[in-house]
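The next block holds one structure in the form of structure tokens; read it before the comments.
2 protein chains.
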Amino acid sequence: MELRKECANAIRALTMDAIDKSKSGHPGAPMGMANMAEALWRFAYKHNPKNPRWFNRDRFVLSNGHASMLLYSLLHLTGYDLSMDDIKNFRQLHSKTPGHPEIERTAGVDIGTGPLGQGIATAVGMALAEKLLAKKFNRENHAVIDHKTWVFLGDGCLMEGVAQEAISLAGTWKLNKLIALYDSNAISIDGDIKNWFTEDVAKRFEASNWHVIKDIDGHNPEELDKALAAAQTVSDKPVLIICKTVIGYGSPHKAGKSSCHGSPMGAEENEATKQALGWKYAPFEIPQHLYGAWNCVEKGKKANDEWDKAFQEYAKAYPELAKELSRRIKGEFPPEYSEAFEKLFTDLLNAQEDIATRVAGKKVLDAIAQSLPELLGGSADLTGSVGTLHANSKDLDLESFEGNYIHYGVREFAMSTVMNGLSLHGGFIPYGGTFLVFSDYAKNAIRLAALSKIRGIWVLTHDSIGVGEDGPTHQPIEHVSALRLTPNVDVWRPCDTIESAVAWKAGIEKKDGPTCLAMSRQNLKAQAHTKAQLADIAKGAYILSDSEKTPEIILIATGSEVGLAVEGAKALKDQGKQVRVVSMPCADVFDRQDGAYKEKILPKAIRKRIALEAGSADFWYKYVGLDGKIIGMTSFGESAPANQLFAYYGFGLDNLLAKAKELLGE
Amino acid sequence: MELRKECANAIRALTMDAIDKSKSGHPGAPMGMANMAEALWRFAYKHNPKNPRWFNRDRFVLSNGHASMLLYSLLHLTGYDLSMDDIKNFRQLHSKTPGHPEIERTAGVDIGTGPLGQGIATAVGMALAEKLLAKKFNRENHAVIDHKTWVFLGDGCLMEGVAQEAISLAGTWKLNKLIALYDSNAISIDGDIKNWFTEDVAKRFEASNWHVIKDIDGHNPEELDKALAAAQTVSDKPVLIICKTVIGYGSPHKAGKSSCHGSPMGAEENEATKQALGWKYAPFEIPQHLYGAWNCVEKGKKANDEWDKAFQEYAKAYPELAKELSRRIKGEFPPEYSEAFEKLFTDLLNAQEDIATRVAGKKVLDAIAQSLPELLGGSADLTGSVGTLHANSKDLDLESFEGNYIHYGVREFAMSTVMNGLSLHGGFIPYGGTFLVFSDYAKNAIRLAALSKIRGIWVLTHDSIGVGEDGPTHQPIEHVSALRLTPNVDVWRPCDTIESAVAWKAGIEKKDGPTCLAMSRQNLKAQAHTKAQLADIAKGAYILSDSEKTPEIILIATGSEVGLAVEGAKALKDQGKQVRVVSMPCADVFDRQDGAYKEKILPKAIRKRIALEAGSADFWYKYVGLDGKIIGMTSFGESAPANQLFAYYGFGLDNLLAKAKELLGE
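Note that the protein sequences, when read in sequence, are chains X and L.
FYI, the working numbering numbers position 655 of the first sequence as 655, with every residue one higher than the one before it.
FYI, the working numbering numbers position 367 of the second sequence as 367, with every residue one higher than the one before it.
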């Protein structure tokens with residue numbers, strides 16, 4: 001028992017030392033959750049410090065990511081590649097120990113967290129991935145996919161709405177291998193939560209079909225052991241363990257107070273705390289017997305080796321399944337996948353229809369999805385509208401748990417966090433659809449995907465005033481550009497089926513970040529493309545039609561406005577003008593091209609440029625500068641038939657020609 | 001009883017007729033909720049069709065805003081200024097009957113809805129306003145503020161996380177005058193909700209301290225009457241009435257199916273439905289006896305007159321209180337308010353400190369808030385960090401219900417919807433604070449404020465990589481510009497206390513939309529301002545320091561980068577250059593200035609321009625074009641001390657001078 005206390009105190013000491021050194025950090029939560037962490041990570045948690053990406057490891061989600069020193073302490077103590085020097089570098093530039101956990105930076109971090117609520121909401125996606133893979137690949141006596149998703153979360157996570165969205169889904173999906181430990185310390189940054197968080201949390205979770213284990217003393221190892229054991233016996237519900245804890249446990253003057261939440265406690269209080277805890281070691285000193293007690297290298301290797309062996313046996317019994325599972329674990333594309341796309345492009349170059357790009361996207365999926373079984377689709381209750389349900393989609397069946405299509409309900413944010421969880425877990429390429437305007441609800445999850453380099457395809461349809469009668473609440477204005485401004489988000493706004501296919505392909509193959517597909521509600525005229533153009537479309541912008549001589553004027557357009565640009569170019573050519581049309585389905589990708597390609601498409605010397613996009617005008621100064629013109633939106637839309645709106649807001653040939661005339665100085 | 005059915009069928013008939021004519025709309029929900037609406041609007045609902053803005057009216061929130069034809073039918077039938085021609089113009093350009101309700105457009109619409117979950121979440125703010133005003137202004141036998149907030153909501157609203165955030169707050173605040181009627185039809189767009197919405201809704205609400213009235217037959221007027229009566233007797237909890245309904249009630253082939261949710265049912269099915277309902281009138285025909293039964297003009301006038309009389313008596317008994325309440329109802333500023341700002345500006349012109357703008361904002365509030373008692377502050381659990389708690393703030397006391405400061409918990413979205421509700425109700429000017437990066441969680445509420453012309457001040461601090469050690473999850477990059485791209489959102493990023501004061505004043509006085517204040521975490525050097533500059537700061541951009549001759553180069557900066565621009569200008573002047581520094585605290589406001597002012601600040605001919613902002617670079621092409629330079633962010637940040645980050649990302653004198661040298665061609 002004394003050893004277990006000492007083990008927990010090692011976390012507290014490292015937390016205090018690292019935060020003291022960096023003069024910055026959140027000591028309260030790691031100190032409060034140290035016993036919970038000790039009980040989980042030294043015993044129940046299945047992991048291999050020397051192989052942090054072992055596929056069948058348990059996943060750990062620190063939903064209250066500000067408690068990062070808890071996780072860094074655990075990684076250091078159990079034997080991951082995280083040295084004491086790394087701990088000493090807490091929160092320093094380019095260190096392995098940033099302020100909040102970042103997956104790309106630190107071996108053993110399964111998920112980047114910090115924005116509250118999203119850890120638990122993403123964990124639901126991880127647990128969903130496990131259950132889906134297990135159902136698909138496991139065979140009798142061959143449970144090759146069999147691991148848990150553990151979550152630590154605090155009061156703040158439960159106040160965020162996204163948590164409820166995800167909790168509800170987890171209950172519906174009966175994710176019994178999802179086990180959340182609630183650090184119930186009754187303190188948030190503003191103080192005692194009694195004035196702003198008065199819910200009966202257990203009852204709320206039970207209402208969402210969770211099994212709740214209540215009133216666990218979060219500082220009592222034996223109670224924690226029992227709760228963890230009990231949680232693992234639940235077979236049909238996710239589990240919440242409510243651990244009553246004291247924030248800043250051990251601190252004589254700050255324990256139980258919000259003052260230890262987000263600021264260093266100070267050298268004096270740290271010293272007093274160590275005394276109170278009976279911690280007698282120097283700063284950043286962990287005695288060998290505690291390193292020994294914490295070390296999980298051997299145990300982890302053993303578990304990993306056993307699994308390797310079991311997988312070999314599985315491969316003998318089910319060679320095809322094992323091959324497919326291995327492929328999906330590695331994230332390699334099957335050969336059929338590129339073939340399917342090649343065939344699709346050939347077909348499309350022969351014939352395209354004048355259809356909405358949301359429908360075009362569905363046709364792309366119809367053509368390629370069967371070749372890529374890891375594609376897992378879904379929608380936030382707009383399936384029929386957004387084109388995410390393709391010819392080979394099969395709704396997730398809640399009994400058999402088979403299917404490749406998830407109905408997320410009206411939960412754009414949880415859909416997005418679950419997509420992130422599926423992708424982080426591995427074995428899936430998730431895509432999900434909603435109206436572009438409701439990307440607002442999910443924005444921070446898309447941002448976390450970008451920051452954490454998570455693959456996922458967000459199908460965001462009804463991408464402009466083309467929404468029509470549903471009116472301004474449903475008509476995105478700023479969204480295409482706002483998403484473009486977010487680093488590492490590739491936003492595609494294709495103009496027809498060929499561009500939609502290129503966009504989908506880019507999204508599927510962008511392994512290091514999210515892709516947003518802005519798709520039209522309304523039908524768009526298919527543009528004539530050559531085979532040679534295909535590669536250029538993939539560069540984000542290309543010359544769709546060119547002038548015979550050096551262009552006098554360049555029309556730059558995306559998506560639904562490409563047709564207008566082409567029409568305008570024709571009219572101007574009839575007037576004898578030299579006009580180039582540049583289609584720019586993805587400005588983000590275009591910006592990554594080399595200078596020569598960019599100069600080829602948009603020569604610096606040609607400043608008579610008009611940008612056309614039924615979205616925020618402001619973004620387009622980037623490509624037309626102060627001397628060009630923009631036909632875009634500078635206000636909200638209106639409720640009316642779409643064609644009337646396009647005319648009303650200036651997306652017509654007359655306005656385009658008038659703008660061109662102004663530029664050409666006639 | 002037959003009459004009541006007919007009254008409800010009038011809603012169904014108008015719904016079918018309007019949607020048939022516009023070939024667009026959502027028939028299912030209005031038809032399903034028609035009996036609920038009949039029971040509420042003909043009896044319990046207190047309103048005056050001829051005075052739609054009567055302050056003591058009940059408020060009605062159609063949280064499932066796609067059911068707009070329900071509301072338009074009610075407004076038409078009960079006697080509001082909404083003619084049958086308006087109904088016939090459903091969803092047409094500039095009509096009074098847009099696809100989703102818009103508050104500015106239609107008399108009797110208390111709130112614009114459409115994005116799900118936000119109606120109920122905003123209603124919580126309306127009910128909070130009522131309770132706060134009642135506590136403050138009512139006296140014994142003088143309940144001048146005494147009305148209810150009624151909400152209709154559907155399954156979709158309850159799936160959205162923001163609903164849970166707001167439900168939790170409503171329970172904590174014991175808003176018993178908030179009564180929500182849940183249109184429980186078990187259908188959402190994707191079909192039967194049993195596969196994605198399996199919660200025990202009653203239990204979830206009870207867990208959040210609501211009183212729940214279950215199992216009401218939503219098509220039985222007597223059951224509805226009883227439930228509405230019972231709901232009004234509850235004295236200490238908000239009330240949810242769960243009404244079991246059939247979507248598309250009355251339709252022989254589409255009732256109970258998602259096919260009637262979002263598409264016209266078609267002429268044939270409409271006809272069959274009318275037959276099944278026994279509705280025998282021509283399209284758009286309402287017989288006189290039903291107009292008579294529905295008409296609320298007389299009843300409404302009587303209620304309004306009685307209140308006017310009661311208010312006169314109140315004014316006799318409590319003249320000061322009545323005067324103050326009248327002022328707040330009218331939304332006029334007290335004379336002390338401008339005086340307080342004048343004094344503040346005088347003081348600041350004499351002496352400013354080098355402090356963070358988040359602290360500067362607090363000092364502004366310290367100076368002026370007492371003069372403006374309708375200011376109602378709060379924070380999403382970051383009170384100490386964001387500077388929203390000023391010298392005269394008083395936490396809302398849950399017992400006495402006194403106070404002017406709300407702890408919203410970690411609920412950015414619900415904070416924002418509650419702010420919208422407070423503002424829509426009237427009597428308050430709400431402001432609320434969180435970190436800028438978490439505006440992501442609340443974005444659509446800010447957007448709805450902009451669209452609905454709702455006043456509110458969002459205090460969004462920690463506005464750049466200046467966040468420092470907390471790292472990239474907490475460092476906004478795209479947010480300042482993404483909010484700028486949203487129409488009718490004014491985004492201020494002040495550089496010191498004087499600019500912060502101007503920004504706060506602008507936000508308070510912008511009655512027709514939201515203001516976002518992007519405030520620094522880190523200290524900023526105060527800039528020297530003249531009294532003459534104050535008016536120009538309010539224009540959004542101004543010359544902070546100028547060259548002696550015509551400028552060769554213009555440095556444009558905002559917020560924390562203004563100091564660097566000034567420093568750079570000094571160094572360049574020392575080299576003999578003619579340099580202008582333009583501080584642009586609010587690009588949105590600057591863009592609204594006339595051409596002459598804009599030309600004065602940024603002369604078209606001067607193209608050697610450098611923009612400096614520790615946020616998305618892309619936005620700044622708008623002001624520097626293709627020939628200028630931008631010192632901005634094109635990636636996420638890192639976890640490290642802020643000063644190291646600014647240096648690492650190029651926000652230093654060296655980089656600025658190098659860029660200037662490139663531009664000046666030396």
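Even glycine gets a Cβ: it sits at the ideal position worked out from N, Cα and C.
L:L451 and L:N420 have their C-alpha atoms some 11 Å from each other. The segment 591-655 of chain X is shown to contain whole beta strand (DSSP E) runs of 3 or more residues at 609-616, 629-633, in chain order.
A direct Cα-Cα distance of roughly 45 Å separates L:A535 from X:W458.
In the three-state reduction of the DSSP assignment, L:P335 falls in the helix class, which pools H, G and I. Rounded to whole angstroms, the separation of the alpha carbons of X:Y182 and X:K148 is 16 Å. In terms of beta-carbon proximity, X:V162 lines the interface with chain L, with at least one pair separated by less than 8 Å. Taking 8 Å as the threshold, the shortest C-beta distance from X:W196 to chain L falls below it. Its Cα nearest to that of L:Q527, the residue L:V582 stands out among L:V582, L:E332, L:M36. Contact of X:I187 with chain L by beta-carbon distance below 7 Å is absent, the smallest such distance being about 11 Å.
Under the three-state reduction of DSSP output, X:N523 falls in the strand class.
A Cβ of chain L is located within less than 8 Å of the beta carbon of X:Q92. Counting only residues of its own chain and dropping the five nearest sequence neighbours on each side, L:Y408 has a CB closer than 8 Å to the CB of L169, G378, S379, A380, D381, A414, M415, V418, G432. For a Cβ distance threshold of 8 Å, nothing in chain X lies close to L:Q522: the least Cβ distance comes to about 13 Å. For X:E478, at least one C-beta of chain L is nearer than 8 Å to its own C-beta. For the segment 202-225 of chain X, the set of positions with a beta-carbon nearer than 9 Å to some beta-carbon of chain L reads A202, K203, R204, F205, E206, A207, S208, N209 in chain order. Residue state for L:D225 is assigned as helix, using DSSP reduced to three classes.
In the DSSP annotation of this structure, the continuous segment of the alpha helix (DSSP H) that includes L:D308 starts and ends at 297-317. Look at X:C495 here: in three-state DSSP terms it is coil, with no helix or strand label.
For the segment 391-458 of chain X, the full-length beta strand (DSSP E) segments reaching 3 residues or more read 405-407, 429-435 along the chain.
Distances from the alpha-carbon of X:E412 to those of X:P30, X:E104, X:V162, X:M33 put X:V162 closest.
For X:G384, the nearest beta carbon of chain L is closer than 8 Å to its own beta carbon. X:L116 has no beta-bridge partner at all, per DSSP. Just so you know, the alpha carbons of X:F435 and X:S520 end up roughly 10 Å apart.
Interface with chain L (8 Å Cβ-Cβ cutoff): X:S500 is excluded. Going by beta carbons, L:L376 and L:N404 fall inside the 8 Å limit. For L:L3, the closest C-alpha among the options L:E38, L:M31, L:A18 is that of L:E38. When Cβ pairs closer than 8 Å are counted between the two stretches, the segment 100-117 of chain X is seen not to touch the segment 481-489 of chain L, the count staying below three.
Residues of the segment 428-439 of chain L whose Cβ lies closer than 8 Å to any Cβ of chain X, in chain order: V437, F438. L:V410 is a Cβ neighbour of X:M159, given a cutoff of 8 Å. Note that the C-beta distance between X:I630 and X:N655 is not below 8 Å. If you draw a straight line from the Cα of L:G559 to the Cα of L:A360, it is about 12 Å long. According to DSSP, L:P30 shares a beta bridge with no other residue. If you look at X:T149, you'll find it in the beta strand (DSSP E) that goes 149-154. Of the candidates L:P373, L:R607, L:S616, L:P373 places its Cα closest to the Cα of L:F137.
Around the beta carbon of L:S400, fewer than 16 other beta carbons sit within 10 angstroms, so the residue counts as exposed.
Cβ-Cβ distances below 7 Å link X:F428 to A129, E374, L376, L422 in the same chain, with the five nearest sequence neighbours on each side left out; the list follows chain order.
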